[in-house]
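Trainee: The opening position of the sequence shown corresponds to residue 50 in our numbering, with each subsequent residue numbered one higher. Before I ask anything, let me first share the structure, which is written out below as structure tokens.
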Amino acid sequence: MQRVFRAAQRLGLVILSALLVVGTLTLVASPAAATNYDVKMGSDAGLLVFEPSTVTVKPGDTVTWVNNKMAPHNVVFDAANVPGDKALADSISHTQLTFAPGENYATTFTSDMPAGTYTYYCAPHRGAGMVAKVILEN
């Protein structure tokens with residue numbers, strides 16, 4: 050009877066060890082979950098700003114710009130102030146204007162994009178200082 054009990058204990062330890070190894074490998078192999086960041090175009094107080102004015106993201110994260118107040122708005126990445134070239138700035142810009150509250154644009158920052166600071170502005174309100182940035186980390 051004791052032999053059966055010891056064999057069952059050993060089998061239980063082997064199964065538990067296998068589960069721990071598989072669980073650990075699953076946690077290590079899982080990529081970090083992507084995050085979505087919302088940026089308001091126009092503050093709740095009616096100011097011509099992006100809120101927040103700086104967003105720090107990692108590859109896979111998405112930034113969604115939501116028209117809040119003081120339309121029209123858009124999101125134009127400044128080719129002179131992005132780590133990539135003009136083609137990259139153009140490809141992630143949203144030049145079409147939003148007019149209604151809640152209208153939005155989204156850009157996912159991918160691992161093939163160079164890390165660094167991506168400066169953008171609202172074309173109709175650039176002169177009023179409606180400029181912000183996304184910092185893409187590795």
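We put the CB at the ideal spot given by N, CA and C, even for glycine.
State the start and end residues of the unbroken beta strand (DSSP E) segment that holds D87.
Mentor: Locating residue 87 in the sequence shown gives position 38, where the first residue counts as 1. That run of the beta strand (DSSP E) goes 85-90.
Trainee: Can you give me the C-alpha to C-alpha distance between G176 and A128, rounded to a whole angstrom?
Mentor: Sequence index remark: in the sequence shown, residue 176 carries index 127 (1-based). Sequence index remark: in the sequence shown, residue 128 carries index 79 (1-based). Cα-Cα distance, rounded: 17 Å.
Trainee: Relative to the C-alpha of V124, which candidate in D134, G133, V112 has its C-alpha closest?
Mentor: Here residue 124 refers to the residue found at position 75 when the sequence shown is read from its first residue. Residue V112 is the option with its Cα nearest to V124.
Trainee: Mark L185 as exposed unless 16 or more other C-beta atoms lie within 10 angstroms of its C-beta, in which case mark it buried.
Mentor: The sequence position of residue 185 within the sequence shown is 136, counting from 1. Buried, because 16 or more other Cβ atoms sit within 10 Å of the Cβ of L185.
Trainee: Run through the region 93-133 for me and flag every whole beta strand (DSSP E) of 3 or more residues, listed as ranges in chain order.
Mentor: For the region 93-133, whole beta strand (DSSP E) runs of length 3 or above, ordered along the chain, are 103-106, 111-116, 122-126.
Trainee: Can the beta-carbon of E155 be found less than 9 Å from the beta-carbon of W114?
Mentor: Here residue 155 refers to the residue found at position 106 of the sequence shown. Here residue 114 refers to the residue found at position 65 of the sequence shown. Per the sequence presented here, residue 155 reads as Ala, with Glu not at that position. The answer is yes: Cβ separation under 9 Å.
Trainee: Considering only their Cβ atoms, is the gap separating H143 from M179 smaller than 9 Å?
Mentor: Position 130 of the sequence shown, counted from the first residue, corresponds to residue 179. Position 94 of the sequence shown, counted from the first residue, corresponds to residue 143. Not a contact, by the Cβ cut-off of 9 Å.
Trainee: Going by beta carbon distance, what residues of the same chain come within less than 6 Å of S160, once the five residues before and after it are set aside?
Mentor: Walking along the sequence shown from the start, residue 160 turns up at place 111. Excluding positions up to five away in sequence, the list reads P108.
Trainee: Whose CA, out of G95, Y170, T103, lies closest to the CA of D87?
Mentor: By one-based count along the sequence shown, residue 87 stands at place 38. Here the closest residue by C-alpha is T103.
Trainee: Is it buried or exposed for A138, if we count other Cβ within 10 angstroms and need 16 for buried?
Mentor: Here residue 138 refers to the residue found at position 89 when the sequence shown is read from its first residue. With 16 or more Cβ atoms within 10 Å of its Cβ, A138 is classed as buried.
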